[in-house]
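Here's the structure, in structure tokens; my notes come after.
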Amino acid sequence: MAVVDKRRGARLPHWTLEGASYFVTFRTADSLPRHLVVQYRNEIKHEEDLLRRKLGRDLTVREISEIRWKTAGRAERYLDQGLGECLPARPGVAEIIRDTLFHFDRARYGLHAWCVMPNHVHVVVQPYGEHKLSQIILSWKTWSARHANELLKRDGRFWQREYYDRIVRCPLSHEGTVRYVLNNPAKAGLHGWQFMGSSEVDYSSIAWLGTQT
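Per the numbering used here, the sequence shown starts with residue 1, numbered consecutively.
Shown next, in the form of structure tokens:
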């Protein structure tokens with residue numbers, strides 16, 4: 001049976017499962033005002049505390065994942081308003097981010113779906129072997145930020161340090177998450193947006209949360 005582990009991020013816990021697929025969102029440094037970020041984190045903790053008291057026990061990874069998904073939807077509404085400078089929407093920057101995502105696709109990870117938005121990025125990704133999700137995301141952010149800053153002739157932080165990730169728990173959830181990623185531009189009013197895509201997925205190769213947690 002696959003083992004689910006927890007690692008502590010800058011502020012939020014991140015759950016990992018060997019062989020799993022993840023929904024990941026990382027955003028530009030100025031995409032959300034600080035008070036909204038604090039509000040989002042407090043909402044997660046509040047929802048977890050309420051359910052923990054109701055059930056009288058610690059929460060499972062699946063329960064925490066569902067809370068994170070629900071509360072993340074509130075943050076997404078703010079992101080889709082296009083707050084901040086929206087640097088990925090500048091000419092040439094989205095191409096840099098897209099090419100970065102694909103650089104080690106099928107080698108270190110499988111990129112199941114992706115979308116570069118004006119102030120954030122969504123991916124559905126399955127790390128391979130010894131390659132950790134945190135390392136993959138750090139590589140994406142470091143490489144794309146360096147080259148985007150060079151193109152824009154700017155200095156300073158490009159991406160927010162923290163990111164959001166959630167284990168995709170089952171094939172049905174995977175299909176819904178991919179649809180969510182691909183529909184994000186239209187939902188945000190970006191009709192004809194080109195910087196998104198998906199690939200065929202071998203579901204038998206993915207570890208699912210199922211009923212184990």
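Don't be surprised by glycine CBs; every beta carbon is placed ideally from N, CA and C.
Here the structure is a predicted model, which is why all the values come from computation and not from measurement.
In the DSSP assignment, what residue or residues form a beta bridge with residue i?
i, result
"Ala20", "Ala207"
"Arg27", "His120"
"Ser198", "Ala113"
Output needed for residue i: all residues of its chain with C-beta closer than 7 Å, excluding positions within five of it in sequence on either side, in chain order.
i, result
"Ala29", "Arg157, Phe158, Trp159 and Gln160"
Return the CA-CA distance between residue i and residue j, expressed in angstroms with no decimal places.
i, j, result
"Cys86", "Ser31", "7 Å"
"Arg246", "Thr100", "This structure leaves residue 246 out entirely; the chain is present only between 1 and 213."
"Thr16", "Ile167", "7 Å"
"His122", "Pro88", "13 Å"
"Ala207", "Leu172", "13 Å"
"Val178", "Ala113", "6 Å"
"Gln135", "Asn149", "21 Å"
"Ser65", "Glu18", "16 Å"
"Phe26", "His120", "6 Å"
"Ala10", "Glu162", "Residue confidence for Ala10 is low, a pLDDT of 49 falling below 50, so the modelled location carries little weight; the figure read from the coordinates is stated next. Answer to the nearest angstrom: the Cα atoms are 6 Å apart."
"Ile44", "Arg68", "6 Å"
"Gly56", "Asn42", "21 Å"
"Val124", "Ile96", "18 Å"
"Val181", "Val38", "24 Å"
In chain order, what residues of the same chain lie with their CB nearer than 8 Å to the CB of residue i, ignoring the 5 residues before and after it?
i, result
"Val93", "Leu87, Ala148, Leu151 and Leu152"
With a threshold of 6 Å on Cβ separation, who are the neighbours of residue i within its own chain once the five nearest residues in sequence on each side are excluded?
i, result
"Cys170", "Trp208"
Every unbroken alpha helix (DSSP H) within the region 94-130, with a cutoff of 4 residues, ordered by chain: none
Runs of beta strand (DSSP E) lying entirely within the region 160-195, each at least 3 residues, in chain order: 164-167
Any 3 or more C-beta pairs closer than 8 Å across the region 182-200 and the region 49-66: no
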